[in-house]
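**Q**
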Amino acid sequence: MEFKELDPILHSQLRLAVMSLLIGLREADFTFIREKTNATAGNLSVQLNKLRDAGYIEVTKLFRDNYPLTSCKVTSKGIAAFENYVQALQSYMKPGG
Amino acid sequence: MEEKNLTHEESIQIINSMILTARNHYYENGLSAILWGVTNVVCFVLAYLMSAVKGFSFPFNPFFLMGITFVLQLYFDRKERKYRTAKTYAGEMNKYVWLTFGIAVLILTIAGGIADIGYIVLPLLLLLFGMPTFITGCMNKFSPFIIGGIICWLLCIVTLFHKSHETYLLVAAGAVAAWVIPGFILRAQFNKNKLNNGV
């Protein structure tokens, strides 16, 4: 049986958590993602940039009531990558695989 | 969350846990339900008093109060916006369900009023009240809304067979069951969560 290669962008604890969270949401603010993943602001910011650079998420920066607001949502490329990652993971988990 | 080499089991665990977190995210403070529920109760009780009690008068059509509620709703929406840190697909769907309901009620009451379709408006309103309430309850697994929606439909059946001034009170009862009671339950849950999160 052939093993599929795991996407290195997604095969990271925080980036995978962010993608798994965003895949079930229409969009989420930076504060929400930070709260749910228990990540530090600095680390989260770095990982979000990596996901954005890979084209997996779309990051929108706005100002609301004079406060900066960063909003993220998964792109169609991100959904495809996530689905491939899960399929690859399943190929490793199959009995006898 | 620290960075480390992930095993396949850990990956699956992270995916499951985060998908569950997203699925269970439901931000609702109950204010809209209370606001619209109370407004409907006031409007229909006033309509009952105007039709059933001799000499009772109100300076304007009580249903114009809905306009004030609409403005209040916009104000609270704006105020609450900063706390809505994530948008769910269910929340998006909810929004369109209630928008559809609002348009249907406007068509029924305004066009129905002009066409003078009379009494039948009240059972139809109860039928409409039940729909978005029941759908919202099912989508968010919130049983008070599900029960409220069912009560509205039962009251709709009653009002189809029982035509009297009291029908206005039955519509008000529908609003209590569908929105006022679930609204206060949501509010209590929201305040409890807020307290637990130390906000």
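Residue numbers (the numbering used here), protein chains in the order written: chain A, 1 to 97; chain B, 1 to 199.
The beta carbon of each residue, even a glycine, is placed where N, CA and C say it ideally should be.
Quick check on the DSSP output: what are the complete beta strand (DSSP E) runs of length 3 or more inside the region 35-117 of chain B, in order along the chain?
**A** Counting only runs of 3 or more, we get 86-88.
**Q** Measuring only between beta-carbons, confirm whether A/Ile57 sits less than 9 Å from chain B.
**A** Judged by the 9 Å Cβ criterion, A/Ile57 is not in contact with chain B.
**Q** Considering only the beta carbon of each residue, do B/Thr133 and B/Pro182 sit closer than 9 Å?
**A** Against a cut-off of 9 Å, the Cβ pair of B/Pro182 and B/Thr133 comes out as a contact.
**Q** For A/Lys36, count the other beta carbons within 10 Å of its own beta carbon; 16 or more makes it buried, fewer makes it exposed. Which is it?
**A** With 16 or more other Cβ atoms within 10 Å, it is buried.
**Q** For A/Met19, is the classification buried or exposed, using 16 other Cβ atoms within 10 angstroms of its Cβ as the cut-off for buried?
**A** Classification of A/Met19: buried, given that the 10 Å Cβ count is 16 or more.
**Q** Provide the residue(s) that pair with A/Ala128 in DSSP beta bridges, ordered along the chain.
**A** Because residue 128 of chain A is not part of the residues shown, which for chain A are 1 to 97, the question remains open.
**Q** I want to see whether chain B comes within less than 9 Å of A/Gln98, judged by CB atoms only; does it?
**A** As displayed, chain A neither begins before 1 nor continues past 97, which places residue 98 of chain A out of reach and without an answer.
**Q** Which of the three DSSP states is assigned to A/Leu6 in this structure?
**A** Three-state result, A/Leu6: coil.
**Q** I'd like to know if A/Arg64 contacts chain B, where contact means its C-beta is closer than 9 Å to some C-beta of that chain.
**A** Closer than 9 Å: yes.
**Q** For a test of the three-state rule: what should DSSP assign to B/Lys163, helix, strand or coil?
**A** Residue state, collapsed to three classes: coil.
**Q** Counting only beta-carbon separations shorter than 9 Å, does A/Ser20 have a partner in chain B?
**A** Yes, because at least one Cβ of chain B sits closer than 9 Å to the Cβ of A/Ser20.
**Q** Alpha carbon to alpha carbon, what distance is there between A/Phe82 and B/Val171?
**A** Cα-Cα distance, rounded: 49 Å.
**Q** Which residues in the same chain have their Cβ closer than 7 Å to the Cβ of B/Val200, if we skip the five residues on either side of it in sequence?
**A** The structure shown does not extend to residue 200 of chain B, since chain B is modelled only from 1 through 199, so no value can be given for it.
**Q** Counting Cβ pairs closer than 8 Å, one from the region 149-162 of chain B and one from the region 110-127 of chain B, do we hit at least three?
**A** Taking 8 Å as the limit for Cβ pairs, the verdict is that the region 110-127 of chain B does touch the region 149-162 of chain B.
**Q** Using the beta-carbon of each residue, which ones in chain A are nearer than 9 Å to B/Tyr89?
**A** Neighbours of B/Tyr89 on chain A, chain order: Gly24, Leu25, Arg26.
**Q** List the residues of chain B whose Cβ lies closer than 7 Å to the Cβ of A/Thr31, in chain order.
**A** Here the neighbours are Thr85.
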